[in-house]
Amino acid sequence: MGKRLSVAVAAAVVAAMMLAGPVLAAPVVTLEATLTGEQEVPGPGDRNGRGDAKLIVNRARVCYVLRSDNIKRPQAAHIHEGRRGVAGDIVVELRPPRNGFSSGCEKISRALSRDLRNNPTHYYVNVHNKRFPDGAIRGQLHQ
1 MGKRLSVAVA AAVVAAMMLA GPVLAAPVVT LEATLTGEQE VPGPGDRNGR GDAKLIVNRA
61 RVCYVLRSDN IKRPQAAHIH EGRRGVAGDI VVELRPPRNG FSSGCEKISR ALSRDLRNNP
121 THYYVNVHNK RFPDGAIRGQ LHQ
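Position 67 of the sequence shown, counted from 1, bears residue number 67 in full-length UniProt numbering, the numbering being contiguous throughout.
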């Protein structure tokens, strides 16, 4: 992980903890994904595209830092439900990376939070752009 991303992740962790407040009583889990065009389904995605995502999930919120490289003008980013090799439904809207990075926190249901924490590999992050509307890069979540 690059220095810029490490600083961004640290800032996101601090922000998430401050924003989460009393919700932190629930277990907090950190999830990661390495995004590539080869993982995109239906593919192929952008063969030159790369990225990574780091998520912090607690009982009612997911906070994230998302990085993308070598893809043009990301227009959307999401967490989808779907195992490796399967295209699934969007479960969380994320801010698309601008200048290579995005971060934020989104409210989620307790049921989704529980499933993300217990079954992270059933979910993936992807980034879309005009050239690849189904997804330019994708990565399966894991602990």
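Just so you know, even glycine gets a beta-carbon here, dropped at the ideal spot from N, CA and C.
Tell whether a beta-carbon distance below 8 Å holds between residue i and residue j.
i, j, result
"G139", "A53", "yes"
"L55", "L31", "yes"
"S102", "R110", "no"
"C27", "D134", "Correcting the residue identity first, residue 27 is Pro in this sequence and not Cys. Going by C-beta atoms, P27 is not nearer than 8 Å to D134."
Verify the CB distance criterion: does residue i have a CB-CB separation below 8 Å to chain C?
i, result
"R117", "The question asks about chain C, but that chain is absent: this structure has only one protein chain."
For residue i, which residues in the same chain have their Cβ closer than 8 Å to its Cβ, ignoring the five residues on either side in sequence?
i, result
"I137", "L35, T36, G37, Q39, E40, G45, D46, G49, R50, G51, S68, I71, N126, V127"
"T121", "R83, R84, Q140, L141, H142"
"residue 152", "Summary: the structure shown does not reach residue 152, with the chain confined to residues 1 through 143, and so no result is reported for it."
"N119", "none"
Residue i: which of the options sits nearest, CA to CA?
i, options, result
"K130", "I79, A33, E93, P74", "P74"
"R61", "N99, P133, R114, R84", "R114"
"C105", "P27, N118, N58", "N58"
"Y64", "V92, G43, L112", "V92"
"V29", "H80, R117, V86, R98", "R117"
Sorted by chain position, which residues of the same chain lie with C-beta nearer than 6 Å to residue i's C-beta, five sequence neighbours on each side aside?
i, result
"F132", "G45, D46"
"R84", "Q140"
"G88", "H80, E81, G82"
"V86", "none"
In the DSSP output, what is residue i paired with across the bridge?
i, result
"E32", "K54, H142"
For residue i, which residues in the same chain have their Cβ closer than 7 Å to its Cβ, ignoring the five residues on either side in sequence?
i, result
"K107", "A60, R61"
"I90", "H78, H80"
"Y124", "A33, H80, G82, R138, G139, Q140, L141"
Subject >> Those runs of the alpha helix (DSSP H) which lie wholly inside the region 53-138 and span at least 4 residues >> reply: Whole alpha helix (DSSP H) segments, 4+ residues: 110-118.
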